[in-house]
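Protein chains in written order, with our numbering: chain F, 28 to 186; chain V, 28 to 186. Reading through the structure tokens given below for one structure.
Protein chains: 2
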Amino acid sequence: MPAAKSRLTDFLPYLMSVSTNAVSDMVAAQYQARFGLKIPEWRVMAVLGDAGPQTQRQLVGATRMDKVAVNRACKVLEERCLIQRSPNASDGRSHHLELTPAGRAVHEEIMPLALGIEKRLFAVLSVQERKDFKAMLARINEQVCKLESLQAADTDQKS
Amino acid sequence: MPAAKSRLTDFLPYLMSVSTNAVSDMVAAQYQARFGLKIPEWRVMAVLGDAGPQTQRQLVGATRMDKVAVNRACKVLEERCLIQRSPNASDGRSHHLELTPAGRAVHEEIMPLALGIEKRLFAVLSVQERKDFKAMLARINEQVCKLESLQAADTDQKS
DNA sequence: GCGAAGTGGTTCCGGTTGCAACCAAATCGC
DNA sequence: GCGATTTGGTTGCAACCGGAACCACTTCGC
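Structure, rendered in structure tokens:
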């Protein structure tokens, strides 16, 4: 018997990518169908609804999206009158973004939908498993950050 | 105390997406830096090296990529003389794709690199945890497929 | 056999993404 | 205070991606 070959289907980054894409596509399809919102737009609304008015910079931190993506999502949401900008007294470059009443209404509808989707998707995991899964994702995340900083140090050294 | 707000940072699809993107970016950076290969190209090479000559159709199944993505990856790999096409005697529309000697050489180098990356990335999980994690991903995947088919049935009904 | 339907592969095109350059306002250094 | 640097936000652009139309060949139905 030959040594076990390393198959793509055993490669964890590949498996993560496949599952995550499947989940994301399903979530995106739901939001698109029911509210005409894409995921970046929904993320912005979720954060604004949860944490109140924010600048774009803060949204970048909270959503882990690119600042261009945040900007575009905000533009769309503003055009659809779901959020509004008000000048930032303490910094003339930025604005405070917040949900309009219409935006808040959508937020109140969309959050239960989101939680419902999550519940259905992850119904195959027990409460404990979901908790473990979440914790493992967090640890993997940390590890990536750690490795990234090591690598950056490496290339710094070489240059 | 108000009911716990549903935060984006507790939303599992979001967490999966963040972690997976971080992992994918790191893997992609390594392949790009060392072999000038992108992930779709690497996936095709991994499958060809593992399972021998395949048609594009078979690669679509094995890699879970879009057929356009497979086609493009193959075109690039062929231009770089890492794979070659030979006519398919039993079906004039398709070709058999297989690694060239140069391709095989790269494959032999790249697989250990891939496994090394995987090892470093997932070193924060114990052997048992990795196994559980993998199994959970698979279950989530299945669940998505199940829900997708339900939904398809739904829309069929309505139309 | 031959026309119709199906399938593998390719091309085209519209949409999305993210980097890099840029502008405007704020902060720093002196 | 005033030029130099930094930072929030915006725009431009090039790469990427995937659906849909398309072509070439094969298979099905008769």
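Backbone N, C-alpha and C define an ideal beta-carbon position, used for all residues, glycine too.
Starting from residue i, find everything on chain F with Cβ-Cβ shorter than 9 angstroms and list it in chain order.
i: Lys161/V; result: Asp37, Leu39, Leu42
i: Val133/V; result: In chain order: nothing, as chain F lies at least about 15 angstroms away.
Comparing C-alpha positions only, which one of the options sits nearest to residue i?
i: Gly63/F; options: Ile137/F, Arg91/F, Arg157/F; result: Ile137/F
i: Asp93/F; options: Leu109/F, Arg70/F, Ser113/F; result: Arg70/F
i: Lys173/F; options: Ser176/V, Arg166/V, Lys158/V, Val151/V; result: Val151/V
i: Met163/V; options: Arg166/F, Asp159/F, Ala165/F; result: Asp159/F
i: Gln111/F; options: Pro139/F, Gly130/F, Ala55/F; result: Gly130/F
i: Arg99/F; options: Ile66/F, Ile167/F, Arg120/F, Ala141/F; result: Ile66/F
i: Ala116/V; options: Glu175/V, Thr82/V, Ala56/V, Ala96/V; result: Thr82/V
i: Glu105/V; options: Gln57/V, Gln59/V, Thr127/V; result: Thr127/V
i: Arg84/V; options: Asn48/V, Ser121/V, Arg61/V; result: Ser121/V
i: Glu68/F; options: Gly119/F, Pro114/F, Cys108/F; result: Cys108/F
i: Val133/V; options: Ser176/V, Gly119/V, Gly76/V, Ala165/V; result: Gly76/V
i: Ile167/V; options: Ala60/F, Cys101/F, Arg157/F; result: Arg157/F
Would residue i and residue j qualify as a contact pair, given that the criterion is a beta-carbon distance under 8 angstroms?
i: Glu169/F; j: Phe38/V; result: no
i: Pro80/F; j: Glu135/F; result: no
i: Val103/V; j: Met53/F; result: no
i: Leu35/V; j: Val74/F; result: yes
i: Arg91/V; j: Val45/F; result: yes
i: Leu42/V; j: Lys161/F; result: yes
i: Leu140/V; j: Gln57/V; result: yes
i: Val50/F; j: Pro114/V; result: no
i: Ala89/V; j: Ala78/V; result: yes
Run down chain V in chain order and give the residues with a C-beta less than 7 angstroms from the C-beta of residue i.
i: Glu156/F; result: Met163
i: Val54/F; result: Pro40
i: Ala100/F; result: Near Ala100/F there are no residues of chain V at all, since even the closest Cβ is about 13 angstroms away, more than 7 angstroms.
List the residues of chain F that residue i touches, going by C-beta distances under 7 angstroms, in chain order.
i: Ala73/V; result: Leu35
i: Ala49/V; result: Asn168, Val171
i: Asp118/V; result: The premise fails here: Asp118/V is roughly 24 angstroms from chain F at the closest Cβ pair, so nothing lies under 7 angstroms.
i: Ala141/V; result: Phe38
Strictly below 9 angstroms CB to CB, what residues from chain V border residue i?
i: Leu86/F; result: By Cβ distance, chain V contributes nothing, its closest Cβ being about 11 angstroms from Leu86/F, past 9 angstroms.
i: Gln59/F; result: Result: empty, since nearest Cβ-Cβ is about 13 angstroms, beyond 9 angstroms.
i: Val45/F; result: Arg91, Leu164, Asn168
What residues of chain V sit near residue i, judged by a beta carbon separation below 8 angstroms?
i: Phe149/F; result: Leu39, Ile167, Gln170
i: Asp93/F; result: Ordered by position in chain V, no residue passes the 8 angstroms Cβ test against Asp93/F, which lies about 11 angstroms from the chain.
i: Thr90/F; result: Leu35
Since residue i meets chain F, which of its residues come closer than 8 angstroms, beta carbon to beta carbon?
i: Leu174/V; result: Met53, Arg147, Leu148
i: Val103/V; result: Those do not exist, as Val103/V stays about 18 angstroms from chain F at its closest Cβ, beyond 8 angstroms.
i: Leu152/V; result: Met163, Arg166, Ile167
i: Arg70/V; result: Leu35, Tyr41
Whole alpha helix (DSSP H) elements within the region 48-91 of chain F, 4-residue minimum
66-78, 83-90
Please go through the region 109-182 of chain V and give each complete beta strand (DSSP E) segment of 3 or more residues, from N-terminal end onward.
110-114, 122-126
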